[in-house]
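Asks: Each number in this note's numbering comes from the position in the sequence shown (counting from 1) with 721 added on. Idealized CB from N, CA, C, for every residue including glycine. Owing to the predicted nature of the structure, the values given are computational and were not obtained by experimental measurement.
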Amino acid sequence: MQAAIVGIAGPILLPDEAALFRAHPPAGAILFARNIHDPSQLGALVASLRRVLPRDAVLMVDQEGGRVARLRPPHWRAHPPAAALGRCFAGNRAAGLRAAFLTGALIGLDCAAAGFDVAAAPVLDLGLPGASNVVGDRAFAADPVVVARLGRAVAAGLLAAGVQPVGKHAPGHGRALVDSHLALPRVHAGDLRTDLLPFGLNTDLPWLMTAHIVYAAWDPILAGTVSRAVIGGIIRGRLGFGGMVVSDDLAMQALSGTPAARATAALAAGCDVALYCAGDLAPTADLLATCPALTPQAAARLRAARALAAGRRRPLDATALVAERDRLLA
């Protein structure tokens, strides 16, 4: 299995995509709004992907709630943005934590029923005034302890539904003044302890996603995703994170070079898997042909992430959870 998770072009798996995945099997696939129309179509697509992907490959979806949601009404439930959970917590801590757990559980139930094993949530970035709106209401709060606690609650809900959560964007996207989808942000602050704290308090999560940001205090040249100083020195070393490290989307304009070159750099820096979401066939084929196989350590982390979600899964009554969350957020 290649050390990459990749996107596909549209709502069906094309013959050329299926042939590519058989020739160079990725560690997983990620789906977006362009791939998802309704439950029947999505079920057929997931079945097609499962037929060609390796047995241990994951299916991932960005499903945070709020504006970052690929499963949407009318076919799937709407979920509040992280900031709404933060406001609930500010008024009543117990209610906020419970609403966060319920939201994670409900998102997880939606994802699991659709066939996904991994949801790219929760966001552990700080919601700081004056920063780029790329995070904005995707952040729970500005206070790192609040972010850590609410993020942990959402992750616990996802795990209760049997879905693996992904904390993002390590080691912190909250100070970025520009959108890393469009350009390379540079953070010049010398003291980033508060940014690290939500990740440091959640090092038992099964996955973390990197940030395409230059942190001058740690590496004045390279973005975190492709920096050994950040991946090895901060995420693995200072934080002591032992789970799966996945890059943020390598199609984003913060990085330069071909997608294959970006993936090579991310893996060399210490990412377990490279994430490339664009779904364009030729660059995806080049990336998969270039990517090395998943390392034995990464394969073990992938198995551990799956086992954690399976072990934490429990029966959940979606109707009751929705009613309770509605009361708490009213």
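The alpha helix (DSSP H) that contains LEU929, what's its start and end?
Replies: Against the sequence shown, residue 929 aligns to sequence position 208. It is not in any alpha helix (DSSP H) - LEU929 instead sits in the beta strand (DSSP E) that spans 928-931.
Asks: Determine the burial state of PRO746: buried for a count of at least 16 other Cβ atoms within 10 Å of its Cβ, exposed for fewer.
Replies: As a position in the sequence shown, residue 746 is number 25, starting the count at 1. That one is buried.
Asks: Rounded to whole angstroms, how far is the Cβ of SER968 from the Cβ of THR931, which I believe are closer than 8 Å?
Replies: Residue numbering aside, residue 968 sits at position 247 when the sequence shown is read from its first letter. Residue numbering aside, residue 931 sits at position 210 when the sequence shown is read from its first letter. So it is a contact: roughly 5 Å between Cβ atoms.
Asks: By Cβ distance, which residues of its chain are closer than 8 Å to ALA1025, with the 5 residues on each side in sequence left out?
Replies: As a first step, residue 1025 is located in the sequence shown; it is residue number 304 there, counting from the start. Closer than 8 Å at the Cβ level, and outside the excluded window around ALA1025, lie PRO927 and GLY964.
Asks: Buried or exposed for HIS800, going by 16 or more other Cβ atoms inside 10 Å?
Replies: Within the sequence shown, the letter at position 79 stands for residue 800. Flag for HIS800 reads buried.
Asks: Where do the N-terminal and C-terminal ends of the beta strand (DSSP E) with VAL875 fall, by residue?
Replies: The residue given as residue 875 occupies position 154 in the sequence shown. No beta strand (DSSP E) holds VAL875; the alpha helix (DSSP H) holding it covers 865-881.
Asks: Just to confirm before moving on: does the CB-CB distance between MET973 and HIS902 stay below 9 Å?
Replies: By 1-based counting over the sequence shown, the position of residue 973 is 252. By 1-based counting over the sequence shown, the position of residue 902 is 181. It is a contact, given that the beta carbons lie within the stated cut-off.
Asks: What separation, rounded to the nearest whole angstrom, lies between the Cα atoms of ALA1010 and LEU1002?
Replies: As a first step, residue 1010 must be located in the sequence shown, where it is residue number 289. As a first step, residue 1002 must be located in the sequence shown, where it is residue number 281. ALA1010 and LEU1002: Cα-Cα distance of roughly 12 Å.
Asks: Are the Cβ atoms of LEU913 and ALA938 separated by less than 9 Å?
Replies: Reading the sequence shown from its first residue, position 192 is the one you call residue 913. Reading the sequence shown from its first residue, position 217 is the one you call residue 938. Cβ distance < 9 Å, so LEU913 and ALA938 count as in contact.
Asks: Determine the burial state of GLN1018: buried for a count of at least 16 other Cβ atoms within 10 Å of its Cβ, exposed for fewer.
Replies: Residue numbering aside, residue 1018 sits at position 297 when the sequence shown is read from its first letter. Exposed: under 16 other Cβ atoms inside 10 Å.
Asks: Could you give the first and the last residue of the continuous beta strand (DSSP E) run that contains GLY888?
Replies: Mapped onto the sequence shown, residue 888 falls at position 167. Looking at the DSSP string, the run of the beta strand (DSSP E) that includes GLY888 is 885-891.
Asks: Using the Cα positions of ARG791 and ILE757, report the straight-line distance between them to the nearest angstrom.
Replies: Within the sequence shown, the letter at position 70 stands for residue 791. Within the sequence shown, the letter at position 36 stands for residue 757. Approximately 7 Å between the Cα atoms of the pair.
Asks: Our contact map puts ALA887 next to ALA841 with C-beta atoms below 8 Å; I'd like the distance itself, whole angstroms only.
Replies: Position 166 of the sequence shown, counting from 1, holds the residue named residue 887. Position 120 of the sequence shown, counting from 1, holds the residue named residue 841. In the sequence under discussion, the amino acid at residue 887 is Val, which differs from the Ala named in the question. Contact holds; Cβ gap of about 5 Å.
Asks: Mind checking whether PRO850 and THR915 have CB atoms under 9 Å apart?
Replies: If you number the sequence shown from 1, residue 850 lands on position 129. If you number the sequence shown from 1, residue 915 lands on position 194. No, Cβ-Cβ distance for PRO850 and THR915 is not below 9 Å.
Asks: Nearest by alpha-carbon distance to PRO736: which of ARG755, ALA754, GLY945 and LEU770 is it?
Replies: To locate residue 736, count along the sequence shown from 1; it is residue 15. Residue LEU770 is the option with its Cα nearest to PRO736.
Asks: What is the residue span of the beta strand (DSSP E) that VAL966 lies within?
Replies: Along the sequence shown, one-based indexing puts residue 966 at 245. First-last of the beta strand (DSSP E) with VAL966: 965-967.
Asks: Just confirm the distance between the C-beta atoms of ARG870 and LEU818, as a whole number of angstroms; I'd bet it's less than 8 Å.
Replies: Within the sequence shown, residue 870 is the residue found at index 149, counting from 1. Within the sequence shown, residue 818 is the residue found at index 97, counting from 1. Yes, they are in contact, since the Cβ atoms of ARG870 and LEU818 sit about 6 Å apart, within 8 Å.
Asks: Which ranges would you report for the beta strand (DSSP E) in the segment 954-1032 if only whole runs of at least 3 residues count?
Replies: Runs found: 965-967 and 995-997.
Asks: Closest to VAL789 by CA distance: which of PRO941, LEU1042, LEU752 and ALA835 is it?
Replies: The residue given as residue 789 occupies position 68 in the sequence shown. Among PRO941, LEU1042, LEU752 and ALA835, the Cα nearest to that of VAL789 is on LEU752.
Asks: Rounded to whole angstroms, what is the Cα-Cα separation between PRO941 and ILE956?
Replies: Against the sequence shown, residue 941 aligns to sequence position 220. Against the sequence shown, residue 956 aligns to sequence position 235. The straight-line gap from Cα to Cα measures roughly 17 Å.
Asks: Let's see if you can read the secondary structure: which residues bound the alpha helix (DSSP H) around PRO736?
Replies: To locate residue 736, count along the sequence shown from 1; it is residue 15. Element bounds for PRO736: 736-744.
Asks: Following the continuous beta strand (DSSP E) through GLY786, name the residue where it begins and the one where it ends.
Replies: Here residue 786 corresponds to residue number 65 of the sequence shown, with the count starting at 1. Here the beta strand (DSSP E) through GLY786 covers 784-786.
Asks: Let me know the secondary structure DSSP gives ALA790 once reduced to three states.
Replies: As a working note, residue 790 is residue 69 in the sequence shown. Strand.
Asks: Can you tell me whether GLY1032 is buried or exposed? The criterion is at least 16 other CB atoms within 10 Å of its CB, across all chains shown.
Replies: If you number the sequence shown from 1, residue 1032 lands on position 311. So GLY1032 ends up on the exposed side.
Asks: Tell me whether ASN813 is buried or exposed, calling it buried when 16 or more other Cβ atoms sit within 10 Å of its Cβ.
Replies: Counting from 1 along the sequence shown, the entry for residue 813 is found at position 92. Its Cβ having fewer than 16 others within 10 Å, ASN813 is exposed.
Asks: Please specify which runs of the beta strand (DSSP E), each continuous and at least 3 residues long, are wholly inside the segment 788-830, giving them in chain order.
Replies: Whole beta strand (DSSP E) segments, 3+ residues: zero.
Asks: Is it buried or exposed, GLY958, if we count other Cβ atoms within 10 angstroms and call 16 or more buried?
Replies: Translated into the one-based positions of the sequence shown, residue 958 becomes position 237. Exposed.
Asks: Quick check on ILE952: does DSSP put it in helix, strand or coil?
Replies: As a first step, residue 952 is located in the sequence shown; it is residue number 231 there, counting from the start. Residue state, collapsed to three classes: helix.
Asks: Take CYS809 and list the residues in its own chain whose beta-carbon comes closer than 7 Å to its own, dropping the five residues that flank it on each side.
Replies: Translated into positions along the sequence shown, residue 809 becomes position 88. Contacts found: ALA816, GLY817, ALA820, LEU1049 and LEU1050.
Asks: What three-state label does DSSP hand GLY749 in the structure shown?
Replies: Walking along the sequence shown from the start, residue 749 turns up at place 28. Strand, per DSSP.
Asks: Based on DSSP bridge pairs, tell me the residues matched to GLN723.
Replies: Numbered from its first residue, the sequence shown carries residue 723 at position 2. According to DSSP, which records beta bridges pairwise, GLN723 is partnered with PRO747 and ALA1014.
Asks: Where does SER948 land, buried or exposed, given buried means 16+ other C-beta within 10 angstroms?
Replies: Along the sequence shown, read from residue 1 onward, the residue named residue 948 stands at position 227. Flag for SER948 reads buried.
Asks: Going by C-alpha to C-alpha distance, which of LEU1015, THR824, PRO919 and ARG772 sits closest to VAL884?
Replies: For this step, residue 884 is matched to residue 163 along the sequence shown. Comparing Cα-Cα distances from VAL884 to each of LEU1015, THR824, PRO919 and ARG772, the minimum goes to THR824.
Asks: DSSP three-state call for GLY859: helix, strand or coil?
Replies: Within the sequence shown, the letter at position 138 stands for residue 859. A quick correction: the sequence has Arg, not Gly, at residue 859. Note: ARG859 maps to helix in three-state DSSP.
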